[in-house]
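Counting in this note's numbering, the sequence shown runs from 2 upward without gaps.
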Amino acid sequence: MAQAISGDDWAVRRQHMVDGQLRSCDVTDQAVLAAFANIPREAFVAPAFASLAYVDRDVPALGAHDRVLLAPMVLAKLIQAANVQPGEKALDVAGGSGYSALVLASLGAHVVALESDEGAVAAAKVLLAKEKSVEIVAGDLADGAPGPFDIILVNGAFESSPEKLLDQLAPGGRLVGVDASFNAAKAVFIERIGGVTSRRVLFDATAVKLQAFRPTPSFAF
2 MAQAISGDDW AVRRQHMVDG QLRSCDVTDQ AVLAAFANIP REAFVAPAFA SLAYVDRDVP
62 ALGAHDRVLL APMVLAKLIQ AANVQPGEKA LDVAGGSGYS ALVLASLGAH VVALESDEGA
122 VAAAKVLLAK EKSVEIVAGD LADGAPGPFD IILVNGAFES SPEKLLDQLA PGGRLVGVDA
182 SFNAAKAVFI ERIGGVTSRR VLFDATAVKL QAFRPTPSFA F
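If you want it as structure tokens, here you go:
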């Protein structure tokens, strides 16, 4: 029989993740590091994969049909790049059971967590029931939610540009996610300035491709 992991053991694993995966990969924002050190990621992971909660990989989200939580390093670097400020409004897209939404909220954001996986939505509503700064919304990922938003975090890879999400950015708003339209996927930072968006590559990244942002099939005759 597998031995249950104690709260102290989880805390040790959490700190090892922060020190071994985040700090060593240039995550230096102290508020981001504190959020990852304090939030129990294992609570948001499917029980069969809880022991992998702090491994450097995607893991299935609690209750989800096919949604995963991004690998800690990728998620932390995306959130650090977004430069979340207290009081900003954030849209968390495809965050599964709510882990990334809670990280954003812990940084002071008011978060709309948009998820299309019904099981993940149900889990997030339970896990974040007492979190006043997070609203869980079920809906189509590509359509986004009523904005505008200062921050949009896409928890996965998009093969086609998330145009509706970009339209929901406030002036000075930032979208971060993984662009899989490159030959090798890249984490990207997209900012709205003066009514137009600019994009820059952040780092090489891997993430599950989100069905909502796949190219529309074309047919040749």
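For glycine and all other residues, C-beta sits at the position ideal for the given N, C-alpha and C.
Item: For Glu-1, three-class secondary structure by DSSP; Value: Since the displayed the chain opens at 2 and closes at 222, residue 1 lies outside it and no answer follows.
Item: Bridge-paired residues (DSSP) for Thr-29; Value: Beta-bridge pairing links Thr-29 to no other residue.
Item: Per-residue DSSP class, three states only, for Leu-176; Value: strand
Item: The segment 50-68 / the segment 77-86 touching (three or more Cβ pairs under 8 Å); Value: no
Item: Distance between beta carbons of Leu-142 and Leu-105, contact taken as under 8 Å; Value: Not quite, the Cβ-Cβ distance comes to about 17 Å (not below 8 Å), so this is no contact.
Item: Glu-116, enclosing beta strand (DSSP E) - first and last residue; Value: 111-116
Item: Cβ-based burial, Glu-119 [other Cβ within 10 Å; buried from 16]; Value: exposed
Item: CB contact flag (Leu-128, Ala-47, <8 Å); Value: no
Item: Neighbour-count burial assignment, Phe-159, 16 or more Cβ in a 10 Å radius; Value: buried
Item: Cβ pair Ala-32, Val-19 closer than 8 Å; Value: no
Item: Gly-148, enclosing beta strand (DSSP E) - first and last residue; Value: That residue, Gly-148, is in no beta strand (DSSP E); it is neither H nor E in DSSP.
Item: The alpha helix (DSSP H) enclosing Asp-168, as first and last residue numbers; Value: 164-168
Item: 7 Å Cβ shell around Val-28 - same chain, five flanking residues per side excluded; Value: Leu-34, Ala-77, Lys-78, Gln-81
Item: Inter-residue CB distance, Gly-97 and Val-69 (contact presumed, cutoff 8 Å); Value: 7 Å
Item: Phe-204 beta carbon less than 8 Å from that of Ala-188; Value: yes
Item: Per-residue burial, Gln-16 [other beta carbons within 10 Å of its own, 16 or more giving buried]; Value: exposed
Item: Endpoints, beta strand (DSSP E) assigned at Asp-46; Value: Just to set this straight, residue 46 is Val in the shown sequence, not Asp. Premise fails: Val-46 is in no beta strand (DSSP E) and is neither H nor E.
Item: Range covered by the beta strand (DSSP E) that runs through Glu-119; Value: Premise fails: Glu-119 lies in the alpha helix (DSSP H), 119-128, not in any beta strand (DSSP E).
Item: Alpha helix (DSSP H) segment containing Ala-188, residue limits; Value: Note, Ala-188: premise wrong, no alpha helix (DSSP H); beta strand (DSSP E) at 187-194.
Item: Beta-bridge pairing of Asp-93 - partner residues as DSSP gives them; Value: Ala-114, Leu-154
Item: For Lys-131, three-class secondary structure by DSSP; Value: coil
Item: Beta-carbon separation (whole angstroms), Leu-92 vs Val-113, contact threshold 8 Å; Value: 5 Å
Item: Chain-order list of residues whose beta-carbon lies under 8 Å from that of Val-209 (same chain, five-residue window excluded); Value: Asp-59, Val-69, Gly-157, Ala-158
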